[in-house]
Amino acid sequence: MSIGNPVHRIDGKLKVTGSANYAADFSVGTPLYAELVTSTVGLGRVTSIDDSAARAVPGVRAVYSHANPLPVDAADFFGAGGRAQQSWRPFESADVRFNGEIVGLVVADTLIGAREAARSMRVQYEEQDPAAVFGASGLEPEDLPDRGLSMGDIEQAMEASSQRVEETYTTYANTHNAMELFSTTAQWAGDELTVYVPSQWVEGFAAGIAEELGIDAARVRVVSPYVGGGFGGKGSLFTWTAMVAAAARDQGRPVKLYVTREQGFTTASYRAETEQDFRLGATADGRFTGFEHQGREISSRADTYVVNGGENTARMYHADAVRTGVTCIHADRQTPGFMRAPPEAPYFFALESGVDELAWKLSMDPVELRRINDIDAEPVNGVPFTSRSLMECYDAAAERFGWSDYEQTVGARTEGDWLVGWGCATATYPTQMGPCAVRIHFDATGQARVWVASHDVGTGAYTVIAQATALALGIPVDSVKVELGDSRLPPGTIAGGSISTASNVSAIEMAVAQIHDRMGTTAETMDPTAAFEAFGQRAIEEYAEWIPPAASRQQAKTLYNGKVAIVGGAEEDYTAFAFGAQFAEVRVHKYTREIRVPRLIGAFAAGRIMNEQTARSQYLGGMIWGIGHALLEKTEVDPRNGKIVNANIAEYLVPTNADVQELEAILVPETDTKVNPAGVKGIGEIGIVGTAAAIANAVYHATGTRVRHTPIHVEDLLPQA
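Sequential numbering from 5 applies to the sequence shown in my numbering.
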């Protein structure tokens, strides 16, 4: 295993000096400005729209609504193999299907004018009572029997257990609040359309926009060279993007739309709330017998979207019998979508809380209980892991944390008025990959250029791609220029599912191998001047199309039609996951029940690490978000009307410097020669997994109160009346 040099981000100076162009930064001549009008009711029907005051605002060019719609067709939902965030499109009808749905679009000469006009719109509704949260009357459950796993006799296995846990765990909704707001800028040049939009999938966005506008995809270019935080929220086509392009075509001018922070809560995707019924049994010596994990997840009326984390929790430990399942609960909400570790963040909260509960019932060290149930092959189908360094992660983190001093007694540690608790949990994420193409140009001056329609969502992709190219060619990193985030480049993968580095590096190494084959060179002996003199040319260019071994040729064709083909995780021949272990110390005030996390230490094994610095940043960022998942983040939906009551960054709480104290990520060496040619596993999402459970387990250790939901609040720890 190699851990790549901690090269500073090659785009760092551009970003800190404000020179990096994000989607909203591009100049497009003299644009018009658009502003969304969103519903103020959670369910019902628009009965009238009075836009006279809006049209009277100086500079207003147009007001669009269901009564005056733009020509935009529906696109297929991402979860059904399409590209769109949800099946519903704005202005399809007068129906209002959830709070904050787009009911109007104003276009004006200035941003101030557009916003003033939007605020002047008078929309009347026939309001109905929505069913927007768990427990509401009128929810529609949809069982998904084909999404479950089953192995062995679960009831017999549970009966054979000496101790068991049978509990329900709940995670609440979370909303994307990346630093970069959502936006769209659309500009036509004749029949050619260029769209600047923050995107984790420029190929898919281009194809989806073309589909919605009814034009050839070759006429659409999507540009997104830098993304100010994606995390899944910019991975599927927004409902407003094609609409803005249609408005630009209608007005004969470029149009810019800036989506406000509040509007982003209801017009974009989010992490849906879950309810999870969990059962785990074990023999007296700690061997797991039966494992059952049943999830219920909120979605919209239009789309069946579930993350179904039981598919992964079932593969973590030994079990004699396994049963998982998921039910989609259709509600009066917008369609949810990806958010960092979509299945694992909520479902591993239940799994790792349940394992800790069982450890207490067995009077067994939680780390040792996991060691007893460690495996070489996943239990459902018996497929071996490409590598599994889970216990090496536990050992590294436990030593650093000082876990040898752990005492399994509630309230055993105190410091003044603070109760001190320790907890641990497993982190994991499947290693996934997708087809990827890349073009590399290399010349006699020793300079290389790399083109791929991949993305830098803040993870350091420019740097890692440059490093991989430099290492494979045998030249310095500063001799490599990288171009990303443009749908006109060779098609890359979506920046989601932690697939980018493994896919990009595999394609790069293939292209560079072709260069070496043609030139008769190697990285170790590369001397550009001599090599090109012997080659007889001044430059060479190679195009490579890498297809993961588990992908079919048909799946590879998705590269060229803007669709996604992701393989990995639990496959036929191997099961591929990255692993980690999280250890948390919490302090709970005896009297106020304030919760603090003074220490959080994680250890992670993810195969070959391309850049130590960017990898550690990814882990730490995920762990910080995990603190928020455990203690702070919650999208508050009013059950009476379906409105989000904290749709702003002041009341939607996220971790700040005051919430993060000692934080450490340990990189555990791991070599994996089976996972892919580059030996790389994804690292972008694993850092958040298990953090909430480790904190919840530490809260129990400190207080004796077992909280089975996130986020954990002060009131959860107060004495019950």
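We treat Cβ as the ideally placed atom computed from N, Cα and C, and that holds for glycine.
Cβ separation of residue i and residue j, assumed to be a contact under 8 Å, to the nearest whole Å
i, j, result
"Ser502", "Gln436", "7 Å"
"Thr243", "Arg93", "6 Å"
"Ile469", "Ile512", "7 Å"
"His593", "Trp426", "Contact flag wrong, Cβ pair sits at about 17 Å."
"Pro350", "Thr278", "5 Å"
"Ala506", "Asn680", "5 Å"
"Val206", "Val224", "Not quite, the Cβ-Cβ distance comes to about 10 Å (not below 8 Å), so this is no contact."
"Glu666", "Asn650", "Not really, about 29 Å apart at Cβ, beyond 8 Å."
"Asn615", "Gly464", "6 Å"
Among the options, nearest to residue i - alpha-carbon criterion
i, options, result
"Lys685", "Ile692, Val693 and Glu674", "Glu674"
"Asn661", "Ala698, Val601, Val641 and His713", "Val601"
"Phe405", "Ala607, Thr449 and Ala276", "Ala607"
"Val20", "Gly462, Ile613, Glu545 and Ile605", "Gly462"
"Ala402", "Ala246, Ile376, Ile605 and Val226", "Ile605"
"Val11", "Gly646, Ser621 and Glu640", "Ser621"
"Ala700", "Gln559, Pro383, Gly46 and Thr175", "Thr175"
"Val414", "Ser273, Gly63, His705 and Glu528", "His705"
"Lys238", "Ile213, Pro370, Phe209 and Gly256", "Phe209"
"Ile53", "Leu47, Val67, Ala60 and Phe353", "Val67"
"Ala122", "Gly626, Gly632 and Val111", "Val111"
"Val484", "Pro495, Asp460, Asp447 and Ser510", "Asp447"
"Val509", "Ala517, Lys638 and Ala472", "Ala472"
"Ser56", "Gly234, Arg65 and Ile158", "Arg65"
"Ala555", "Glu575, Ala214, Ile519 and Ala27", "Glu575"
Euclidean distance between Cα positions of residue i and residue j
i, j, result
"Leu636", "Phe342", "19 Å"
"Arg644", "Ala140", "9 Å"
"Thr264", "Leu284", "44 Å"
"Ser304", "Ile479", "51 Å"
"Ala335", "Val454", "46 Å"
"Glu549", "Ala431", "32 Å"
"Lys260", "Tyr37", "5 Å"
"Arg168", "Ala286", "6 Å"
"Thr339", "Ile444", "39 Å"
"Gly420", "Arg591", "11 Å"
"Met5", "Leu475", "Residue placement at Met5 is poorly supported in this model, since its pLDDT is 42, which falls under 50; the coordinates are not used for a value here."
"Ile692", "Phe352", "10 Å"
"Ala452", "Glu546", "11 Å"
"Val326", "Gly313", "14 Å"
"Thr245", "Thr188", "6 Å"
"His669", "Ile631", "Per the sequence shown, residue 669 should be read as Ala rather than His. Distance between the alpha carbons of Ala669 and Ile631 is about 14 Å."
"Thr34", "Ala190", "12 Å"
"Asp531", "Leu671", "33 Å"
"Val658", "Thr328", "32 Å"
Environment of residue i [buried if 16+ CB atoms lie within 10 Å]
i, result
"Tyr595", "exposed"
"Ser31", "exposed"
"Asp490", "buried"
"Pro134", "buried"
"Asn652", "exposed"
"Lys17", "exposed"
"Arg87", "buried"
"Asn385", "exposed"
"Ser69", "buried"
"Gly683", "buried"
"Ala79", "buried"
"Val201", "buried"
"Lys647", "buried"
"Thr618", "buried"
Reduced DSSP category for residue i - H, G, I as helix; E, B as strand; rest coil
i, result
"Gly427", "strand"
"Trp244", "coil"
"Met5", "Residue confidence is low: Met5 scores 42 on pLDDT, short of 50, so the model does not pin down where it sits. Its coordinate-derived value is still stated next. Of the three classes helix, strand and coil, the one that applies to Met5 here is coil, per DSSP."
"Val201", "coil"
"Tyr37", "strand"
"Ile14", "coil"
"Asp336", "coil"
"Val107", "strand"
"Val231", "coil"
"Glu303", "The displayed chain sequence assigns Ser, not Glu, to residue 303. Reduced to three states, the DSSP call for Ser303 is strand."
"Pro388", "strand"
"Glu296", "strand"
"Lys561", "helix"
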